[in-house]
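Counting the sequence shown from 1 gives a position; our numbering is that position plus 5.
Note that CB positions come from ideal geometry on N, CA and C, so glycine has one too.
Written below as structure tokens is the structure these notes are about.
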Amino acid sequence: MTKKIKVGVVFGGQSAEHEVSLVSAASIMRAMDPSKYIILPFGITTQGEWVSEPKPIMRLREGKVRFTTRQPSDSLLGVDIVFPVLHGPFGEDGTIQGLFEMLNLPYVGAGVLASSLAMDKVAAKNVFAQHSLPLVNYLLITRAEWTQRADRIMEDIKEKIGCPCFVKPANMGSSVGISKVKNREEQTKAINLAFRFDRRVIIEQAVRNAREIEVAILGNDELIVSVPGEIIPGAEFYNYYDKYVNGKADGLIPAPLTREKVEEFQQIAQAAYRAIDCAGMARVDFLMERESQNVYLSEINTIPGFTAISMFPKLMEACGVSYSRQIDRLIELGLERHREKKSLRSMLDLKSDWYKKDTADEG
């Protein structure tokens, strides 16, 4: 009889996407085969405390947490692999991946570098630009700069970006804190809103009459690159409320595109994935101008939503990879990557004991 794999599913967290994480984690745990896995859920409150009691999703959802700890490492060390289902800062940005690395634990998904790059829209754009991937014009501002010279910044936006444009927190997902603005008054309000979520804000040139296209990728070295899907937003753009609250957005899979455009999206998605050294999975988001058919890379999400309405699992299902098989494969990929890292030499093979005399009195 094959030994069951102990999977620690970590969810919740301190970001504005806490609730999305709960829904994704519940969906994943329901789909996990109990004949293959022992599921060990770990909830994190919005205050950063780890829930150590039964039914943590229900407790977090209802706000009735009784037993918490700030030292999760002892519990985590009992698992074979960790499946982080944490969206946004403190979960998708390399922070918790660094914890898993320090604990020498296998985990699902991208590593520290890819996670932190993908979460930071500016850092990601800088890397993508080095790889000659197509991007819209953008401008970065900090809260200190905005406080000191808001008028000058507004002129820079007018000269370099124009209107309409998008204002976004540099580190946030699920369209949290994002606004589309059409004039100076709206820009000021949008920038102040974005600064509620991050100390850095990015202003991007809007793609007129844009189509929103997404591609899913599964794999470490050998990749499954999905057919592109298209988001039909209920609002002017695909915002948080369309995604999770109102349920107004529709998805077309596959997106109605020419074969040449399908290949272009897939090639750029794969190039972006490789550029940040991603692993496990990602959803790559694009904008395409309807008239010119020009394609622009928007962002890459290393822990995409896994809810019943999320595009990543739907895109993979369109490629013949069932929801449960996606979960199986992600766990396999995490274990494979950990084995590969363990095989690499991490310390010098020292033949000398020169260091011993300098540390003899230190205990």
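Between residue 209 and residue 236, the C-beta gap is not smaller than 7 Å, which leaves the two residues out of contact. Nearest in C-alpha terms to residue 54, of all of 316, 15 and 207, is 15.
Straight-line spacing of the CA atoms in residue 259 and residue 323 works out to 8 Å. According to DSSP, residue 120 shares a beta bridge with no other residue.
Distance from the CA atom of residue 305 to the CA atom of residue 8, rounded to whole angstroms, is 35 Å. Taking C-alpha positions only, residue 189 is separated from residue 126 by approximately 23 Å. The Cβ atoms of residue 316 and residue 256 lie closer than 7 Å to each other.
Counted as a single uninterrupted DSSP element, the beta strand (DSSP E) harbouring residue 147 occupies residues 143-147. Within the region 140-225, the alpha helix (DSSP H) runs of at least 4 residues that lie entirely inside it are, in chain order, 148-165 and 189-199.
Fully contained in the region 90-134 are the following alpha helix (DSSP H) runs of length 4 or more, in chain order: 100-107 and 117-124. Residue pairing for residue 282: DSSP places it in no beta bridge. Look at residue 311 here: in three-state DSSP terms it is coil, with no helix or strand label. Per DSSP, the beta-bridge partners of residue 306 are 288. Residue 292 counts as buried, since no fewer than 16 other beta carbons sit within 10 angstroms of its beta carbon. Under the three-state reduction of DSSP, residue 25 is assigned to helix. DSSP places residue 322 in the helix class (H, G or I) of the three-state scheme.
For residue 335, the enclosing alpha helix (DSSP H) begins and ends at 328-348.
The closest CA to that of residue 233, considering only 318, 184 and 185, is found on 318. When DSSP states are grouped into helix, strand and coil, residue 258 belongs to the coil group. Shortest Cα-Cα distance from residue 175 to any of 123, 96 and 158 involves 123. The beta-carbon distance between residue 172 and residue 186, rounded to whole angstroms, is 6 Å. This is short enough to meet the 8 Å contact definition. Membership of residue 235 in the beta strand (DSSP E) is indicated by the continuous run 234-237. Excluding sequence positions up to five before and after residue 117, its CB lies within less than 6 Å of the CB of 99, 102 and 103, all in the same chain and listed in chain order. Membership of residue 17 in the beta strand (DSSP E) is indicated by the continuous run 10-17. Annotated three-state conformation of residue 316 is helix, per DSSP. Residue 339 places its beta carbon less than 7 Å from that of residue 113. DSSP places residue 268 in the helix class (H, G or I) of the three-state scheme.
Across the structure, residue 267 and residue 42 are spaced so that their CA atoms are roughly 36 Å apart.
Nearest Cα to residue 287 within the set 347, 92 and 139: 92. The C-beta distance from residue 219 to residue 289 rounds to 7 Å, short enough to fall under 8 Å. As a beta-bridge residue in DSSP terms, residue 86 pairs with 12.
By alpha-carbon distance to residue 334, the top candidate from 215, 228, 128 and 110 is 228.
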